[in-house]
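Visitor:
Residue numbers (this note's numbering): 1 to 866.
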């Protein structure tokens, strides 16, 4: 367990370095090198105490010993020169083991400030070398801090997901274990601890039988993972059984140190290009655990010719590599992007065919927010076991909606995690072949998956909804609805009388839930109109993933990118009941994955719903409409609230530019976008009083944080969108970054850079929301016929009220009180949206657990407070 003193020392080291090394990855490297340097000196001192001779700092390297650095006669500048020389040349030290030479490979001191180094080394000197678990946990803490900030793509797998995967695979003491893209060795460390737990006497007296359960325990209940039931020979073999590859020398260094501090005297971590090199192709393993890179370089990977699947995509090649490097009784768990699950390219289909026929026994779908905000990529876990694959005719599909954290960027802990249930379900299926009775899992015959040659691994595609325990008959929509596939609509007239609905019209503010207007009209048509009380949704392309549905309140035409469904007999099916059901239904689960996503008539007609008697449908609709009115009222409060500052005539009025400058963003190229990386803040992410990072996120490589330091954003920064449409209020939005992450600033987004300590940042934020500020903002806009632009000077010339800093802070305090009530309304929206979901779930026969009932009781307190 990590003690508070050790944790504080690591935090102190980071605080000392941050002024010279703002990049957290560089901080990690320097702390790593400093710790190992000090521990080598500690081992020399221990050898001398036992009557031996120093090994690490001997011969030509004796002058670099720790005590020599801190000799009172050595100045800070001389210390810097000695330490810098030492770490640069240490990989050539003939007196030290190869492990330490590898750690110091390419090491250097990236700053030249003597006082910073002296403070840093003084803090490092407070650590003492030991093989106890304490230092290993301390180093894991250092890595986890950086990982939580998303400052390097390699630190991306959340700890609980690592432990979850390890618990499912359940490695044992005799297994050879590989991570072919090991990063900082997180999977290897977790697997090692899992095995120690299995062979610790203390574990026999608690309910924690795997590393996931153990790490969920409160610190007060944790115990030392001694592995005391392992023999000395067991331990030697265990240590030798772990291996890792990584293409990055920086990652290799961190892995070596991480394993060394966890008791591995000679870790087997190699700098190795898993996909392009053949040197280790003949090495097979009993267990493989990995979250390999999702991203392929421009032009793709250039692999050798030994892969079964022909591809230049890294995610395809890594899965192929892992499958082909399992021993006959081997097993593996690998995190993959959704492309591997359903993309229609030949390589993807060939890979899935190989897996379904020979390796795969389960697929676990993870929530979309697991890697937020560094990647919007949806991921799944592929579970492989050659033996189980041969014995089972089915593949198990598990869908995780709750991994114990909400799906926001901060990933705050929530109740109701389904991970422990998923571990039990996969184990039950693997050991007995029994198909678990669970709402989050179902099994599908391999022959059914192979039937159309696509080998799609989206579990929801095969779910049998009849298996749910509804009290009502389950029916297909095809028996109850008429489908309208829309028309190709191109020629519109401004003074037309017939409304035409395109996907874009579903986004009009007036059409947020019901179609009441449009921006497209025609004068006449020979086509039948979609009647009122119908449901419209996208049927083609990426828009399907938005999962939007609208209820028509006007007869209309729909274009061929939309689909409309209308009830045939309203004496059997209430259209509003159908709409309530459809609002909880995932359209992506029925879209065709071959080529461009598409929903065909049979797809929607095949959807099944519970069909209560009409009277019960009406009761359900009435209850949901009651909830919706509360939601709409709360949304009105949130939408209409804006801070109001009563300007005292005695206050000075100044131009904003006297105390604040506007910094514009960089023109980053879309060709540089990647699937995962640092989030680029564009105009669409800047909403009025709302930092909408989830709106069409675009990512750039993590190294851009170093390459473009002048465009790095962080928590608390104020932003403004500077371009929009003439006549529309879709620009001039001001928001504040509320996530503890770093981002990059794109062109046409401005950052407020306060130049004076007499202007409070929060006060400026609220001033920028007022009518006084915004009227001047729009008056200063310029541009052509369609596009409006606001220049830096146009913003800086705006006149703002400028009371004393004390009064500014008083105003901020008052507005923050008002915002507490607004935030309570936001919470109210979430609560009643969940109530609607729960009502639909109840029709399916899904009842709340005791834990969920307790959560509802807590929610009622929120409602009372509102």
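Using N, Cα and C, we set each Cβ at its ideal position, and we do this for glycine too.
According to DSSP, which residues form a beta bridge with residue 442?
Guide: Sequence index remark: in the chain shown, residue 442 carries index 442 (1-based). 397.
Visitor: With respect to the beta strand (DSSP E) encompassing residue 550, which residues constitute its N-terminal and C-terminal limits?
Guide: Counting from one through the chain shown, the residue named residue 550 turns up at place 550. Looking at the DSSP string, the run of the beta strand (DSSP E) that includes residue 550 is 550-552.
Visitor: Going by beta carbon distance, what residues of the same chain come within less than 7 Å of residue 635, once the five residues before and after it are set aside?
Guide: For the purposes of this step, residue 635 is taken as residue 635 along the chain shown, with counting starting at 1. Excluding sequence neighbours, residue 635 sits near 829.
Visitor: Could you compute how far the alpha carbon of residue 568 sits from the alpha carbon of residue 301?
Guide: For the purposes of this step, residue 568 is identified with residue 568 of the chain shown, where counting begins at 1. For the purposes of this step, residue 301 is identified with residue 301 of the chain shown, where counting begins at 1. So the two alpha carbons sit approximately 53 Å from each other.
Visitor: Let me check understanding here. Comparing Cα to Cα, which of 24, 351 and 441 lies closest to residue 311?
Guide: In the chain shown, the residue the question calls residue 311 occupies position 311. The residue with the shortest Cα to Cα distance from residue 311 is 351.
Visitor: With residue 724 as the anchor, note down where its beta strand (DSSP E) starts and where it stops.
Guide: Taking the first residue of the chain shown as 1, we reach residue 724 at position 724. Start and end: 723-725.
Visitor: Checking 9 Å against the spacing of the C-beta atoms, do residue 720 and residue 691 come in under that value?
Guide: The residue labelled residue 720 in the question sits at position 720 within the chain shown. The residue labelled residue 691 in the question sits at position 691 within the chain shown. No, these two residues do not count as a Cβ contact at 9 Å.
Visitor: Have a look at 670, 654, 789 and 62 and flag the residue whose alpha-carbon is nearest the alpha-carbon of residue 756.
Guide: Start at 1 with the first residue of the chain shown, and residue 756 comes out as number 756. Out of 670, 654, 789 and 62, 654 has the C-alpha closest to the C-alpha of residue 756.
Visitor: Can you name the start and end residues of the alpha helix (DSSP H) that residue 577 belongs to?
Guide: Here residue 577 refers to the residue found at position 577 when the chain shown is read from its first residue. It spans 575-583 - the alpha helix (DSSP H) in which residue 577 sits, taken as one unbroken run.
Visitor: Put residue 249 into one of helix, strand or coil per three-state DSSP.
Guide: By one-based count along the chain shown, residue 249 stands at place 249. Helix, per DSSP.
Visitor: Excluding five sequence neighbours on each side, which residues of the same chain lie with their C-beta closer than 6 Å to the C-beta of residue 71?
Guide: Translated into the one-based positions of the chain shown, residue 71 becomes position 71. Hits under 6 Å: none found.
Visitor: Let me check understanding here. Comparing Cα to Cα, which of 365, 664, 387 and 229 lies closest to residue 953?
Guide: One cannot answer for residue 953 here, as it falls past the ends of the chain, which runs 1 to 866.
Visitor: What does a CB cutoff of less than 6 Å around residue 794 pick up in its chain, not counting 5 residues either side in sequence?
Guide: Translated into the one-based positions of the chain shown, residue 794 becomes position 794. The residues are 780.
Visitor: Exposed or buried, which one is residue 624 when buried takes at least 16 other CB atoms within 10 Å?
Guide: Within the chain shown, numbered from 1, the residue matching residue 624 stands at position 624. Buried, by the Cβ-count rule.
Visitor: In chain order, what residues of the same chain lie with their CB nearer than 8 Å to the CB of residue 473, ignoring the 5 residues before and after it?
Guide: As a position in the chain shown, residue 473 is number 473, starting the count at 1. Correct list, in chain order: 610 and 611.
Visitor: How long is the line joining the alpha carbons of residue 717 and residue 413, rounded to whole angstroms?
Guide: Residue 717 sits at position 717 when you count from the first residue of the chain shown. Residue 413 sits at position 413 when you count from the first residue of the chain shown. About 25 Å.
Visitor: For the segment 274-293 and the segment 318-332, state whether three or more C-beta atom pairs, one from each stretch, are separated by less than 8 Å.
Guide: The answer is yes - the segment 318-332 touches the segment 274-293, with three or more Cβ pairs under 8 Å.
Visitor: So, under 8 Å CB-CB, residue 395 and residue 361 are touching, yes? Tell me the CB distance rounded to an integer number of Å.
Guide: Residue 395 sits at position 395 when you count from the first residue of the chain shown. Residue 361 sits at position 361 when you count from the first residue of the chain shown. With 8 Å as the limit, residue 395 and residue 361 qualify as a contact, their Cβ atoms being about 6 Å apart.
Visitor: Using the Cβ count rule (16 or more neighbours within 10 Å means buried), how would you classify residue 461?
Guide: The residue labelled residue 461 in the question sits at position 461 within the chain shown. By the 10 Å Cβ count, residue 461 comes out buried.
Visitor: Assign residue 266 to one of two classes, buried (16 or more other C-beta atoms within 10 Å of its C-beta) or exposed (fewer than that).
Guide: Residue 266 sits at position 266 when you count from the first residue of the chain shown. So residue 266 ends up on the exposed side.
Visitor: Can you tell me where the alpha helix (DSSP H) holding residue 333 begins and where it ends?
Guide: Residue 333 sits at position 333 when you count from the first residue of the chain shown. It is not in any alpha helix (DSSP H) - residue 333 instead sits in the beta strand (DSSP E) that spans 326-337.
Visitor: Given this structure, state the Cα-to-Cα distance separating residue 401 from residue 441, to the nearest angstrom.
Guide: As a first step, residue 401 is located in the chain shown; it is residue number 401 there, counting from the start. As a first step, residue 441 is located in the chain shown; it is residue number 441 there, counting from the start. Cα-Cα distance, rounded: 12 Å.
Visitor: How would you write the range of the alpha helix (DSSP H) that residue 34 sits in, first residue to last?
Guide: Position 34 of the chain shown, counting from 1, holds the residue named residue 34. Run containing residue 34: 24-49, per the alpha helix (DSSP H) assignment.
Visitor: Which stretch, first to last residue, makes up the alpha helix (DSSP H) that contains residue 501?
Guide: Here residue 501 is taken as the residue at index 501 of the chain shown, counted from 1. Run containing residue 501: none in the alpha helix (DSSP H); it sits in the beta strand (DSSP E), 498-501.
Visitor: Residue 243 bridges to which residues according to DSSP?
Guide: Along the chain shown, one-based indexing puts residue 243 at 243. Its beta-bridge partners are 178 and 268.
Visitor: According to DSSP, is residue 690 part of a helix, a strand, or is it coil?
Guide: Residue 690 sits at position 690 when you count from the first residue of the chain shown. The answer is strand: DSSP assigns residue 690 an E or B state.
Visitor: If I measure Cβ to Cβ from residue 867 and keep anything under 8 Å in the same chain, skipping five residues before and after, which residues do I get?
Guide: Nothing about residue 867 can be read from this structure; the chain reaches only from 1 to 866.
Visitor: Consult DSSP for residue 416 and reduce its assignment to one of helix, strand or coil.
Guide: Numbered from 1 along the chain shown, position 416 holds the residue referred to as residue 416. It is coil, neither helix nor strand.
Visitor: With three or more beta-carbon pairs closer than 8 Å as the criterion, would you say the segment 502-515 touches the segment 476-484?
Guide: Taking 8 Å as the limit for Cβ pairs, the verdict is that the segment 476-484 does not touch the segment 502-515.
Visitor: At the level of alpha carbons, what is the spacing between residue 102 and residue 91?
Guide: In the chain shown, the residue the question calls residue 102 occupies position 102. In the chain shown, the residue the question calls residue 91 occupies position 91. Distance between the alpha carbons of residue 102 and residue 91 is about 7 Å.
Visitor: Is it buried or exposed, residue 194, if we count other Cβ atoms within 10 angstroms and call 16 or more buried?
Guide: For this step, residue 194 is matched to residue 194 along the chain shown. By the 10 Å Cβ count, residue 194 comes out buried.
Visitor: Where does the unbroken beta strand (DSSP E) through residue 683 begin, and where does it stop?
Guide: Taking the first residue of the chain shown as position 1, residue 683 is located at position 683. Taken as a continuous stretch (DSSP letters only), residue 683 belongs to no beta strand (DSSP E), as it is neither H nor E.
Visitor: So is residue 4 buried or exposed if we call it buried at 16+ other beta carbons inside 10 Å?
Guide: Here residue 4 corresponds to residue number 4 of the chain shown, with the count starting at 1. Residue 4 is exposed by the Cβ-count criterion.
Visitor: Hey, could you find the ends of the alpha helix (DSSP H) residue 602 is sitting in?
Guide: For the purposes of this step, residue 602 is identified with residue 602 of the chain shown, where counting begins at 1. First-last of the alpha helix (DSSP H) with residue 602: 601-605.
Visitor: With distances taken between CB atoms, is the gap from residue 290 to residue 180 smaller than 9 Å?
Guide: By 1-based counting over the chain shown, the position of residue 290 is 290. By 1-based counting over the chain shown, the position of residue 180 is 180. Taking 9 Å as the Cβ cut-off, residue 290 and residue 180 qualify as a contacting pair.
Visitor: So for residue 736, helix, strand or coil by DSSP?
Guide: Looking up residue 736 in the chain shown gives position 736. Reduced to three states, the DSSP call for residue 736 is strand.
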